[in-house]
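Residue numbers (the numbering used here), protein chains in the order written: chain P, 65 to 350; chain F, 700 to 1183; chain W, 84 to 555. Note that the Cβ used here is the ideal one computed from N, Cα and C, for glycine as well. One structure below.
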Amino acid sequence: MSNEQDVRSMGGLRKYLPVTFLTFLIATIAIAGIPPFAGFFSKDEILMHVYEHSPIMWVLAVIGSMMTSFYMFRLLFLTFSGSFRGTHEQKHHLHESPASMTIPLIVLAILSAAGGFIGIPEALGGHNWLSNFMSPLYDLSRRVRPESFGETHLSHSTEYMLMGVSVGAALIALVIAFVLYVSRKSVPAPEGERLPALQNLVYNKYYIDELYNNLIVKPLMLLGDFLYGVFEFFVIDLIVNGVGKAVQAFSGVVRRLQTGAIGFYIFAMVIGIVVLLLFNFRGFIL
Amino acid sequence: MITIFLIAFPIVAGLITLLLKGETVKRFAFLLSLVELVATLYAVSQFNPAGINPALAFSYPWIESLGISFSGNIDGISLLLVILTTLLVPVIILSTFGRSYANPSAFYALILFMEAGLVGVFTATDAFLFYLFWEAALIPVYFLAGVWGGERRIAVTFKFFIYTIFGSLFMLLAMTYLYFQTPGTHSSSLEAFYALDLTTGTQAWLFWALFIAFAIKMPVFPFHTWQPDTYAESPTPATMLLAGIMLKMGIYGVIRWLLPVVPAGVAQWGTTAIILSVIGIVYGSIIAIRQRDIKRILAYSSFAHVGLMSAGVFSLSTEGMQGAVVQMLAHGVNVVGLFFIAEIIGRRINTRELAQMGGITQNAPSLTVFFMILLLGSVALPLTNGFVGEFLLLYGVFTFNPWYAAVAGLTIILSAVYMLRLFQGTMFGEQNELTAGMSDLTLTEKIALFPLAFMVFWIGMYPAPFLKLTEPAVQNLLQQVVQQ
Amino acid sequence: MFSSLILLSVFGILNLFLGFLKSRSWLLPVTILFLLTALGAVVLDWNKSFYFLNYMMSTDNVSVAFTSIIILSTVLIIPLSRAYVRTEGAPVAEYYAILLFSVVGAIMMVGFENLLMLFIGLETLSIAMYVLAGSDKRNPRSHEAALKYLLMGSFATGILLFGVALLYGATGSFGLGGIKAYVVSNAGNISPLLYLGLSFVLVGILFKLSVAPFHFWTPDVYDGAPTLFTAFMSTIVKTAGFAALFKILSVSFTGVYNFWWVMMAAATVLTLFIGNITAVYQSSFKRMLAYSSISHAGYLLIAITTLGPASRESILFYSLAYSLATITSFAVLMLVNEQRGGEGYTSFNGLGKQNPFLAFTLTVAMCSLAGIPLTAGFLGKLFIFLNALEKGFVWLLVVAVLMSAVGIYYYFRVVIAMYMKGSSEEVMLSDGKDVLTTDKIVVPGSFQVVLAITTALTILLGIFPNFVMNLF
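Structure (C-alpha cells):
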C-alpha cells in the first residue's frame, strides 16, 4: 500500500491480501485472549496470579483485556472488511506481499494459534513447561519471596470462573466492534474535523506525549547540554587540567631561580647554610 | 603451568610479530591470538569452580630477600576475565582486517603485549606482580593510542597516561604500606594482605589510595574526564582494548584488592563510592544523549555502565558482585561490538558525526541486524546479556539502599534513549550523499561480529554456566570481607 | 681495591705516554682494557674485608660493589668518545688519562676510612671534572661551565675542609672509627663542634651531589659541558658521592641520627621539588636531564634520610639503574645533537620511524628514569620506598610519589616526540634560523654495543633484580 498506514484509507483488503488477512485474524483472536489460541493461556496465567494477589486489580486487568479485544477487532474490521477507501491509484497497486514476508507471517500465526499448548494450566490437565525458564536469574528473588514463585493455590473451580469471565469479556468486546464497524460501517473522523472533547483527548493519547516532551525530554536535553557544555569542561576538567597547568606555571616561576649569575648561586648556598645552622643550633641561640 | 603459558605466550607472540614485515602480520597475529584462546579453553576444561585448582596456580620466588614472589592463581572471577580477554583480542585483531595501519608489526605486537599484561593483571596474586602487570598493560595501549590515533591524540593520550599513572602510584603506595604490615619477614601475597588486621583509620586512607587508582581506571565520576577524549581519539582497536578489557581492570582491582583487604575502610567509605558511581550513571547517560560523535556516545555510555558495575560491587552483596562479574563479560562483548560497528560506519562514510548519517539500513541489512543485537544487549533487554548483569546489579544495589537503586535504575531508560537515538540516527531516515554509497558487512566483519552476537544471546538466555563458574569465588571473597 | 687504585693511577700515566703515538685508534681499546683489568682487580676483593694504606682506606663488599658500578659506568661511557678521537688535534690521550684519574678519586671516595682520604678523593675527582667541563675550547658555554663549577666547587670544598677540621677538633680523630668511638662513648654529651663540623661536611658532599639548595651549578654546568663529560659527571660523581655520604653517615654518625635526619629530610623534599618541578619547563633535553639528575639525587637521599639495614642495597641498586639509564640517554643525545643538530625535544621528532633501535633504547631509559615497571628504575624506586616505609616515613613517600607523577610528564615528552610527532614536519630551532635535518641517524658500532648493553641490563634488572640483590 506504498507506506500508507492510516486505517481510514484502508478497508476491504481481505480480497486483495488474503494471506495477510488470515494471519492477522489469527493474531487478533490470540491477542484478544480467546481460547484455544496462545494469547488465552498467557493472559489467563497472568490474570490468575493477579486475582490471587488482589481481585480489584484483576477487574482492572479484565477491563484492559476487554479493550484490547475491542481495538484489535476494530482494527481488523476497519482494515479488511467493507470496501476500499483509499485513492484510485492505491487501489490499482494492491497486491499480496512476497513470500519472504508471508512465510514469517504464517509461522507466527501458527505459533500464536498453537503456542499456548506448551503452557496449559494444570486446571486443564496440562503442565507448564516454561515456568522454570530463566530461573537462575530469579533465584535470589525466589529466596526473598518464595510464595510468588509457588504453584497457584486457587481451586480449579475458581480458575474456570476466571477463565470464563475473561473469555466472556473478550467476546463481548468482539461483538461491540463488529456492530460498530461492520454493521454500521462507521469510519473514524478524518483529520482536522472537530471531535467531541473526550474523543479529542483520547485521539491525542491524553496529551501524554506532549506532557512527556515538556516535562521530561526538554529538561533532560537542557540538562545534558549543561552538563556536557559547562560542568564537564568548566568544572571537572578545569580542576584536572588545572593541576597540570598549575605545576607548569609553578615550574615557570621556580625556573627563574636559575639566573645564571654565580653571585646569586653562592648567595643562595650561603642562605641555605645559614638556615641549616640556625635550625641545627636553635637550642644554643634561643 | 597453563596460567604462565597464558601470560607468556602473548609476549612471545608479540616478539615474533615484531620480527615480521608487511600486511600478512595481521593474519599471523590473529592466528597467535587464537592459540591463546584455545589455551584458555583448555584452562576452562581444567577448572573446577567449587574446589581449588592447583593446576592453574603458580608460585616462584622472585625477589626472595623481600618476600616478593612471582605467583598467580585462577579462580572463577579471574577465569571469566581471562576468557573475556582472550576472546576479545582475536575479535579485535580480526576487526582490523578491513584497513591497514602504518607499521603493522609494531601495531599488532603492542596488542599482543597488552594481552599479556591484562592476563597477568587478572591472575597475579602478589601485590607487586599485580602492580607490574597493571602498568605493563598500560604502556602498549598508550602507544597504540598515541601513535595511531586521531588529530588530537598527543595531548589527549598524554593526559590519559599521566592521569592513570598518577592514580596507580597511590596504589603502589598503599601496597607498599600493606606489605610492611604483614608479620614476620614481610610478604606481598594476597593471602598475607587478606590476613591483615588494620585499624579503621588506617583502612580509611588505604581505601582512598586504592580507590583513586581503580576509580581513575574504570572511570568513576568525577575521575572520568580523560575517558571520552581518549576513546574518541584512539584508533578503534585501542578503544576496544580500553573499553572492552582495560576498564575491567579497575573493577577487578576493587573486587580482588580493595574490598577484602580494607573491609573496614569499605564499611566507612563504601557508600561514598556507591554515590559517586550512581552519579556517574545518570551523569554519563544524560551527556550521552546529547553527543554528536558516535564514538563519544559509546564512550559516555560505557562510562555510565561502568558506574552501575562499580555500585554493584560496593553494595557488597552476592547479587551485586555476581552481576558485576557477569556484566564485565557482557559489557566487554557489547562495547567491543558497538565500537566495531562505529568503526565500520566511520570507515565507510568518513565521518563519525551522527547528523551526517541516516538510512544506512537500506544498503547494509546485515550491519543493521548485528548493530541491533549488540544494541539490545547494551540497553539490557531481557534475553540479552546486558539484562542478566544489570538485573543482578540493580538488585544488589537495591539490597544496599532502594533509593540508590531507583536512581541507578534510570540507566535502563536513559540507555535506551541514547542508544535508540544512535540507532535511529544512523540506520533509519533518509539516505544522504555519504550514506548512499554505504556497503554492507564483508565476510571478515561478519565473522568478527558473529561470536559477539552469539555471546549476547548465550549469556542472555542461558547465564547459568557463567554464574556457576563465578559463584564460589564470589562467595569466598564476600566471606573474606564479612569475616573482618 | 688497593691494587685497582694503583693500577688505574699507573694506567693513567701510561695513557699520557700513549698519546705520543701517531695512531690514536689504539687509545680507546687500550683504555677499556685498562679499566676492565682494574675491574677484575676490584672483584678479586669480593668477600674480603681489610684496611690498607695505613688505615686510610678499607674494602668490603659494599665498596667493591660501588667501585664496580663506577668502573662499569666508565667502561660504558668511554666508547662514546668517538667524536673526540676523530677531531683533529683533540688531546684524546689526556682526556682518557684524566678520566682514569678521576676514577681513582671516585674509588677513594668509596673506600675511605679517613676524612682526609675523602677530601683527597673528592678533590681528585672534582679537579678532573673542572678540566673536562671546560674541554670544549671553542665553546664559550663550556668555559662558563668550567669556571662556574670551579668557583662554586672551591667554595664547597672549603666548607667541607672546615667541617673536617671541626670534627677533628671535637673528636681528636680524622678516622671514621675514631669519630664513631667518640660518638658512641660520649652519647648524650656530644660537643657542639661535632654537630657544626658534621653540618659543614654534609654541605660539602651535598654540593657535589647537587642537592638543593646547593644545586644551582648543576643545570648550567651540565648544560655547558661537552655531553660526554656531562654523562660522566651525572653518573660517576653521583655514585661516588652517595657512596661517600652513605659511608660517613652509616659508619660514624648513626649515633646522632636524630640530629641529621631532619636536615636530610628537608633537603630531600626541596631537592625532589626543585628537580622535578623545574624540569617540567625545560625545552632542552639536555637541560631536562640535568634537572632529572637533581631529582634523582632527591630519591637517593630518601634512602639516606631513612637510613636502615636495607639502605645500602637500595642505594646500590638505584645508582646502578640510574647510571645505566642516564648513559643511554646521553648516548642518544650525543648522536642526535651531532647528526641532527640541537638538543631540544624537537630534535627527537620522528626518531621512532627513522631509528627504531635508538628510539627504543631511549624509551626504555626514560621508563627506567620515570620508574615504570619492568625496568630497573622501577625496582630501584620500589626498594627505596620500601626502605622508607619500613622506617615509617609515609609523608616523605607521598611527596616522592607525587613528584614521580610529575617526572613522568617530562620524561615522556621525548618519547612523544620520537613516536608521535612526524619527522616530515619542518622542525625549527627555537631561534627560528636553523632548520634541523631529520634524516636517519648513523649509529656507530661502539654506540650500538653500549646502548644494547645498557638497555638489556635495564630490562634484565627490572625483571630479575636478584642478580644484584642476592649479592648482599
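Can you tell me whether residue i is buried or exposed? The criterion is at least 16 other CB atoms within 10 Å of its CB, across all chains shown.
i	result
K291(W)	buried
A91(P)	buried
L91(W)	buried
P927(F)	buried
G845(F)	buried
L127(W)	exposed
D303(W)	buried
P1162(F)	buried
D774(F)	buried
R248(P)	exposed
Thinking just about the alpha-carbon of each residue, which of the options is nearest to the one in residue i?
i	options	result
L99(W)	S225(W), V175(W) and A408(W)	V175(W)
T1050(F)	M1160(F), T1125(F) and S1000(F)	T1125(F)
V123(P)	T132(P), S133(P), F134(P) and L111(P)	L111(P)
N690(F)	E763(F), L778(F) and R726(F)	Any property of residue 690(F) remains undetermined from this structure, which presents chain F solely from 700 to 1183.
T96(W)	I273(W), V145(W), Y179(W) and A408(W)	Inspection of the sequence shows that residue 96(W) is occupied by Ile rather than by Thr. Nearest option by C-alpha distance: Y179(W).
G1006(F)	K858(F), M1027(F), S1016(F) and L733(F)	M1027(F)
L1037(F)	Q967(F), F1013(F) and T1067(F)	T1067(F)
A270(W)	L201(W), T337(W), T157(W) and P296(W)	T337(W)
L118(W)	V186(W), R165(W), F476(W) and N420(W)	V186(W)
H152(P)	P162(P), I174(P), S73(P) and F144(P)	S73(P)
V318(P)	V526(W), A539(W) and T354(W)	T354(W)
S225(W)	T313(W), I273(W) and G194(W)	T313(W)
A121(W)	T142(W), F149(W), M140(W) and L88(W)	L88(W)
F94(W)	S108(W), V113(W) and L104(W)	V113(W)
C450(W)	L399(W), A404(W), I357(W) and I115(W)	A404(W)
A163(P)	A234(P), I236(P) and P82(P)	P82(P)
Y800(F)	G721(F), Y741(F) and E850(F)	G721(F)
L172(P)	R320(P), E274(P), E109(P) and G103(P)	G103(P)
Measuring only the C-alpha atoms, how far is residue i from residue j?
i	j	result
T301(W)	G327(P)	15 Å
E508(W)	L714(F)	Note that E508(W) has pLDDT 49, beneath the 50 cutoff, so the model's placement of it is unreliable and no number is given.
I542(W)	T716(F)	20 Å
M165(P)	T222(P)	42 Å
L940(F)	V818(F)	13 Å
A325(P)	Y305(W)	15 Å
S164(W)	T784(F)	48 Å
L249(W)	S406(W)	34 Å
L645(F)	F729(F)	It is not possible to answer for residue 645(F), since the shown part of chain F is limited to 700 through 1183.
F1122(F)	M1056(F)	10 Å
N130(W)	S887(F)	31 Å
F832(F)	G816(F)	5 Å
Q69(P)	V243(P)	24 Å
Is there a C-beta anywhere in chain A that falls below 8 Å from the one on residue i?
i	result
L1176(F)	Here chain A cannot be found, since the structure's protein chains are P, F and W.
Notebook entry, point to check: If you pair each beta-carbon of the stretch 385 to 405 of chain W with each one of the stretch 437 to 445 of chain W, do three or more pairs fall below 8 Å?
Noted result: With contact defined as three or more Cβ pairs closer than 8 Å, the stretch 385 to 405 of chain W and the stretch 437 to 445 of chain W are not in contact.
**OP:** Report yes or no: do three or more beta-carbon pairs, one from the stretch 305 to 314 of chain P and one from the stretch 233 to 241 of chain W, lie closer than 8 Å?
**Re:** No: fewer than three Cβ pairs fall under 8 Å.
Could you check whether the stretch 334 to 348 of chain W touches the stretch 360 to 378 of chain W, counting it as contact only if at least three pairs of C-beta atoms, one from each stretch, sit closer than 8 Å? They do not touch, by the three-pair rule.
| said: Is it the case that the stretch 1131 to 1145 of chain F contacts the stretch 1055 to 1063 of chain F, given that we only count it when at least three CB pairs across the two stretches are under 8 Å? | reply: As far as the Cβ criterion goes, the stretch 1055 to 1063 of chain F touches the stretch 1131 to 1145 of chain F, which means the pair count is three or higher.
| Does the stretch 206 to 215 of chain W come close enough to the stretch 142 to 159 of chain W that 3 or more CB-CB pairs lie under 8 Å? | As far as the Cβ criterion goes, the stretch 142 to 159 of chain W does not touch the stretch 206 to 215 of chain W, which means the pair count is below three.
What are the start and end residues of each continuous alpha helix (DSSP H) run of 4 or more residues lying completely inside the stretch 888 to 931 of chain F, in chain order? Listed in chain order, they are 889 to 893 and 899 to 916.
Taking three-plus beta-carbon pairs below 8 Å as touching, is the stretch 851 to 858 of chain F in contact with the stretch 866 to 881 of chain F?
The stretch 851 to 858 of chain F vs the stretch 866 to 881 of chain F: no contact.
When the Cβ atoms of the stretch 1076 to 1084 of chain F are set against those of the stretch 939 to 956 of chain F, are three or more pairs found closer than 8 Å?
Contact fails between the stretch 1076 to 1084 of chain F and the stretch 939 to 956 of chain F, because fewer than three Cβ pairs, one in each stretch, are under 8 Å apart.
Q: List in chain order: all unbroken beta strand (DSSP E) runs of 3+ residues lying wholly within the stretch 780 to 864 of chain F.
A: Counting only runs of 3 or more, we get nothing.
TODO: Spell out a yes or no on whether the stretch 1008 to 1018 of chain F and the stretch 1089 to 1109 of chain F are touching, meaning 3 or more CB-CB pairs, one atom from each, closer than 8 Å.
DONE: Flag = yes, the stretch 1008 to 1018 of chain F and the stretch 1089 to 1109 of chain F touch.
Which complete alpha helix (DSSP H) runs does the stretch 1016 to 1051 of chain F hold, if anything under 4 residues is left out? The stretch 1016 to 1051 of chain F contains these whole alpha helix (DSSP H) runs: 1017 to 1048.
Does the contact criterion of 3 or more C-beta pairs under 8 Å hold for the stretch 763 to 770 of chain F versus the stretch 920 to 934 of chain F? For the pair of segments examined, the stretch 763 to 770 of chain F was found not to touch the stretch 920 to 934 of chain F: the number of CB pairs separated by less than 8 Å stays below three.
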